[in-house]
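Engineer: My structure is below; once you've seen it, I'll send some questions.
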Amino acid sequence: MNHYETVFILNPVLSDTQIKETVQKFNDYLVSRGAEMISKEDWGLKKLAYPIQKKKSGFYHLFEYKVAGEEIAAFELEFRRDDSVMRYLSVKLDKHAAAWAKVRTERVKSSKK
22 MNHYETVFIL
32 NPVLSDTQIK
42 ETVQKFNDYL
52 VSRGAEMISK
62 EDWGLKKLAY
72 PIQKKKSGFY
82 HLFEYKVAGE
92 EIAAFELEFR
102 RDDSVMRYLS
112 VKLDKHAAAW
122 AKVRTERVKS
132 SKK
């Protein structure tokens, strides 16, 4: 199983309920494929660097997980099929990036307390 990180941007016109349902849908998809979820982060509404679909902001979410490499193509296909997703990026983490992600996750958890 490889270590991955996926950031995706959801359309800003979605309601809170629709955002939660969409994020849960992608989470459930990964778990059903045997993924081990390491962390999930909601970065909230952020301004985009450039307009996408005539929108200037979007809801950012980050998933960090471990899954077999052949599952990524099907996972990204789900992003392309969903109209509420404006952009996504999946990255395979090497051992150094995984260590940094662990430090970042711990820092986020400690700041929320």
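Taking the working numbering, the leading residue of the sequence shown gets 22, the next gets one more, and so forth. Don't be surprised by glycine CBs; every beta carbon is placed ideally from N, CA and C.
(1) For the putative contact between Leu35 and Ser105, defined by C-beta atoms under 8 Å, what is the C-beta separation to the nearest angstrom?
(2) Please give the ranges of any alpha helix (DSSP H) in the stretch 83 to 118, keeping only runs that are unbroken, at least 4 residues long and fully inside the region.
(3) What are the partner residues of Val28, as DSSP defines its beta bridges?
(4) Grab the span of the alpha helix (DSSP H) containing Lys46 for me, first residue to last.
(5) Please tell me whether His24 and Leu83 are closer than 9 Å, where the distance is taken between their beta carbons.
(6) Have a look at Ala2 and Pro72 and give me their C-alpha separation to the nearest angstrom.
(7) Could you give the residue range of the beta strand (DSSP E) that holds Pro72?
(8) Pull the bridge partners of Ser131 from the DSSP assignment, please.
(9) Just the Cα atoms here: how many angstroms apart are Phe29 and Val129?
Structural biologist: Taking the structure as given:
(1) Residue mapping note: residue 35 aligns to position 14 of the sequence shown, counting from 1. Residue mapping note: residue 105 aligns to position 84 of the sequence shown, counting from 1. Confirmed, about 6 Å.
(2) 92 to 102
(3) As a working note, residue 28 is residue 7 in the sequence shown. DSSP lists Leu83, Leu110 as the bridge partner or partners of Val28.
(4) If you number the sequence shown from 1, residue 46 lands on position 25. Start and end: 37 to 53.
(5) Here residue 24 refers to the residue found at position 3 when the sequence shown is read from its first residue. Here residue 83 refers to the residue found at position 62 when the sequence shown is read from its first residue. Not closer than 9 Å, so no.
(6) The displayed coordinates of the chain run from 22 to 134. Any statement about residue 2 would go beyond what the structure contains.
(7) The residue labelled residue 72 in the question sits at position 51 within the sequence shown. Counting along the chain, the beta strand (DSSP E) containing Pro72 begins and ends at 57 to 73.
(8) Translated into positions along the sequence shown, residue 131 becomes position 110. For Ser131, which the question treats as bridged, DSSP gives no partner whatsoever.
(9) Position 8 of the sequence shown, counted from the first residue, corresponds to residue 29. Position 108 of the sequence shown, counted from the first residue, corresponds to residue 129. Between Phe29 and Val129, the C-alpha separation is close to 19 Å.
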